[in-house]
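Heads up: the structure comes next, in structure tokens.
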Amino acid sequence: MTTIATMQEQLFEQLTTARKPSDLHQLLYIFISSNHDVFSFPILNKDNKRVIVWTALFQHLQRKKCSYIYTHIVTTLRILSRDKTDIEDMICERWVVLLIERSGLLNFETVAEDSLVPLNAQTLDTAEEALKCLCNITFHSEKARAYCANTLIVEGLIARMQHYNNMPLREGCMLYDMKLLFILTALRQDIKTKVKELDGMEHLTDLLYKMLTDTVLRPRVNVDTRKYESINDQYQAISCEVLKVQFNLIQQTSSEGPSDEKEEAMFLKLMPVLTGMLQASASSHEKLLELHSNVANLLTSVPLVFYQYLTPELKQDYCCNQSFDGKNMDALQALLALLRHRLQISMDNHNQYENLSPILTVLIKSASACRSQRRYMRRVVLPPLRDVSRRPERGNTLRNLLCRLLTTPVTTVRDLVAEYLFILCKEKVGRMVKYTGFGNAAGHLAQKGLLAGGRGGQYSSSSDDSDTEEYRLAEPNIDPVVGCTRPPRVNPFDGMSEEQKEYEAMRLVDMFDRMMRRGVVKPARIADDGRLEALQHVVQMLPGAVPGKEKPKSRSYYDDSD
Numbered sequence: 000m001t002t003i004a005t006m007q008e009q010l011f012e013q014l015t016t017a018r019k020p021s022d023l024h025q026l027l028y029i030f031i032s033s034n035h036d037v038f039s040f041p042i043l044n045k046d047n048k049r050v051i052v053w054t055a056l057f058q059h060l061q062r063k064k065c066s067y068i069y070t071h072i073v074t075t076l077r078i079l080s081r082d083k084t085d086i087e088d089m090i091c092e093r094w095v096v097l098l099i100e101r102s103g104l105l106n107f108e109t110v111a112e113d114s115l116v117p118l119n120a121q122t123l124d125t126a127e128e129a130l131k132c133l134c135n136i137t138f139h140s141e142k143a144r145a146y147c148a149n150t151l152i153v154e155g156l157i158a159r160m161q162h163y164n165n166m167p168l169r170e171g172c173m174l175y176d177m178k179l180l181f182i183l184t185a186l187r188q189d190i191k192t193k194v195k196e197l198d199g200m201e202h203l204t205d206l207l208y209k210m211l212t213d214t215v216l217r218p219r220v221n222v223d224t225r226k227y228e229s230i231n232d233q234y235q236a237i238s239c240e241v242l243k244v245q246f247n248l249i250q251q252t253s254s255e256g257p258s259d260e261k262e263e264a265m266f267l268k269l270m271p272v273l274t275g276m277l278q279a280s281a282s283s284h285e286k287l288l289e290l291h292s293n294v295a296n297l298l299t300s301v302p303l304v305f306y307q308y309l310t311p312e313l314k315q316d317y318c319c320n321q322s323f324d325g326k327n328m329d330a331l332q333a334l335l336a337l338l339r340h341r342l343q344i345s346m347d348n349h350n351q352y353e354n355l356s357p358i359l360t361v362l363i364k365s366a367s368a369c370r371s372q373r374r375y376m377r378r379v380v381l382p383p384l385r386d387v388s389r390r391p392e393r394g395n396t397l398r399n400l401l402c403r404l405l406t407t408p409v410t411t412v413r414d415l416v417a418e419y420l421f422i423l424c425k426e427k428v429g430r431m432v433k434y435t436g437f438g439n440a441a442g443h444l445a446q447k448g449l450l451a452g453g454r455g456g457q458y459s460s461s462s463d464d465s466d467t468e469e470y471r472l473a474e475p476n477i478d479p480v481v482g483c484t485r486p487p488r489v490n491p492f493d494g495m496s497e498e499q500k501e502y503e504a505m506r507l508v509d510m511f512d513r514m515m516r517r518g519v520v521k522p523a524r525i526a527d528d529g530r531l532e533a534l535q536h537v538v539q540m541l542p543g544a545v546p547g548k549e550k551p552k553s554r555s556y557y558d559d560s561d
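Just so we're aligned, residue 0 is where the sequence shown starts under numbering that gives the first Met the number 0, counting upward by one.
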């Protein structure tokens, strides 16, 4: 280890003293080859070495004689920028502007005549490495982000976005343009505002559409396969970054509806593209889930009125895998597949909120906004019951996985799951209890004041709920508390005399009363408004008892020391 550290220290010393571009080229090649997977450089923490090395590299980056090794210089800076030590104190505006210039984002005024980056592979490589370096620096340094806000970097990013078709080998620049734009819009409100003012949302949607039309929307030669061309890995990665940027731009949008005509037009343009992304396939299941996850995150900020465009009307020349009510349900089916995946990886309490909150929010909005979407999800998630011998939370169906979360300690997830199931049940208490069991549904019904029955919303009178023959036969034996059938129980009072029964009953009342007084349990009953009402004494649990009356005196069979 000491030998490696000594060699690295000598290499840094040579980098700062080299003057000939040829010598520097060789040193940079050695450094890049030996540190391509290194993320920390503690050797630079002493004697101000970090500032000396960075300063020397930026000086070389300004020399025209070194133009043919600009890519190696910026790559070295990119590797060094992984270590965030002292970056906040060391970075200066001149360095940030120089990196932006090398990334080709400062000459955006000439975009009408030529592309922003000269059309040669070497310059594109330099631009890509400069973008990577900018991503690292702006992520670690607020000063660097402030310097970017004072430049024309946003104008350059938006302008280059409109001219990607004129750039050869453009995918690398596209990806890191979007990564940089994501960091800046996530951490700087003024940059986010500037992107909106430059119609960034519309240009980003155009970019998504172009990538879709390049790969996804071309059907295969054999139409009977009912599949579409897979989106390639490069476009998949770029699309994910674009969706993240769009999420930053519209996450404050009201869920009620668009604020003006411009915003309405923006969503009308966006929704068909998001639907196409959900219908796309990818080279692997993991990449497809990543793409759909980013679409779901963005949909959480889309107003309800636009959810109808997730399930477009079927057309004669349009192939789909899932249809319902004359609509293409492929996009909705993709969201349900994402839900299943998130449920399967979130059975423990770890990261339940992060994994499940976005997709559950989207499905709740979908079920609330569109009747046909709610009915389709009802068919998939809550199909007619047949086997009622097991508890609703046992099994691997979507209903089982969701019911399992109705008792999770992560209250936000629990409430979202309960709300989703309640909407699928048309907010009918009886139907909710039928599919989940009263024990699982009680908490949600108590919050809504529906423990006494009733319904919480307005839905059409028609119902697609039809009990199966198996359910009707088993219904008399179903325990509504657990939501499944139970074997006959032995009556514990069999063989007892009336005196023994009274004794056991009073002993139970006395034990319950002592637990109440000691604070072990706090019983409640359903009040007239359908909500839970705390009891002051165990006698108030009797039929006809009036709350608030003086506690009756009762004899105790055991003293309080038991």
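All C-beta atoms in this analysis are idealised placements derived from N, C-alpha and C, irrespective of residue type, glycine included.
I344 counts as exposed, since fewer than 16 other beta carbons sit within 10 angstroms of its beta carbon.
Counting every other CB atom within 10 Å of its CB across the protein chains shown gives Q58 a total below 16, marking it as exposed. Taking C-beta atoms as the reference points, K48 and H139 fail to come closer than 7 angstroms.
In the structure shown, K427 adopts extended strand secondary structure according to DSSP, grouped into three states. In the three-state reduction of the DSSP assignment, R378 falls in the helix class, which pools H, G and I. Inter-segment contact for the segment 229-237 and the segment 255-266 is absent: fewer than three beta-carbon pairs are separated by less than 8 angstroms. If you look at L335, you'll find it in the alpha helix (DSSP H) that goes D329 to Q343.
The C-beta distance from L534 to A523 rounds to 6 angstroms, short enough to fall under 8 angstroms. Shown here for Y375: same chain residues with a beta carbon closer than 7 angstroms to its own, the five before and five after excluded, namely F323, M328 and L331 in chain order. Going by DSSP, R524 is part of the beta strand (DSSP E) stretching over A523 to I525.
Taking the Cα positions, L105 is about 8 angstroms away from E154. Rounded to whole angstroms, the Cβ separation of I42 and E8 is 5 angstroms, and the two are in contact under 8 angstroms. In the displayed model, D466 falls within coil according to three-state DSSP, outside both helix and strand. Within the DSSP secondary-structure output, K193 pairs in no beta bridge.
Sixteen is the threshold: when 16 or more other Cβ atoms of the shown chains lie within 10 Å of the Cβ of F30, as they do, the residue is buried. For S356, the three-state secondary structure derived from DSSP is helix.
DSSP, read as helix, strand or coil, puts F421 in helix. A440 and V432 have their C-alpha atoms roughly 6 angstroms apart.
E240 and V294 have their C-alpha atoms some 11 angstroms from each other. Counting the other CB atoms within 10 Å of its CB gives L60 a total of 16 or more, which places it among the buried residues. Comparing alpha carbon positions, the residue from V519, G518 and G438 closest to P479 is G438. Across the set L273, N247 and I182, the C-alpha of L273 shows the shortest separation from the C-alpha of L206. Membership of L186 in the alpha helix (DSSP H) is indicated by the continuous run E170 to L186. By the criterion of at least three beta-carbon pairs nearer than 8 angstroms, the segment 490-506 is not in contact with the segment 400-419. The three-state secondary structure of T407, taken from DSSP, is coil.
If the five residues before and after L97 are omitted, its C-beta is found closer than 8 angstroms to the C-beta atoms of F57, L60 and Q61, all from its own chain and listed in chain order.
For L531, the uninterrupted beta strand (DSSP E) run begins and ends at L531 to A533, by DSSP.
Per DSSP, the beta-bridge partners of K326 are E312 and F323. Here the C-alpha atom of T212 lies approximately 16 angstroms from the C-alpha atom of M160. For the 7 angstroms CB-CB criterion, L423 and R377 form a contact. Per DSSP, the continuous alpha helix (DSSP H) segment holding N293 begins and ends at H284 to L298. In this structure, L338 places its C-beta atom within 7 angstroms of the C-beta atom of I358. Of the candidates A473, Y434 and L415, Y434 places its Cα closest to the Cα of N399. Separation of Y419 and G429 (C-alpha to C-alpha, rounded to the nearest whole angstrom) is 16 angstroms. Bridge pairing for D478: C483 [DSSP]. Counting only residues of its own chain and dropping the five nearest sequence neighbours on each side, V50 has a CB closer than 7 angstroms to the CB of M89.
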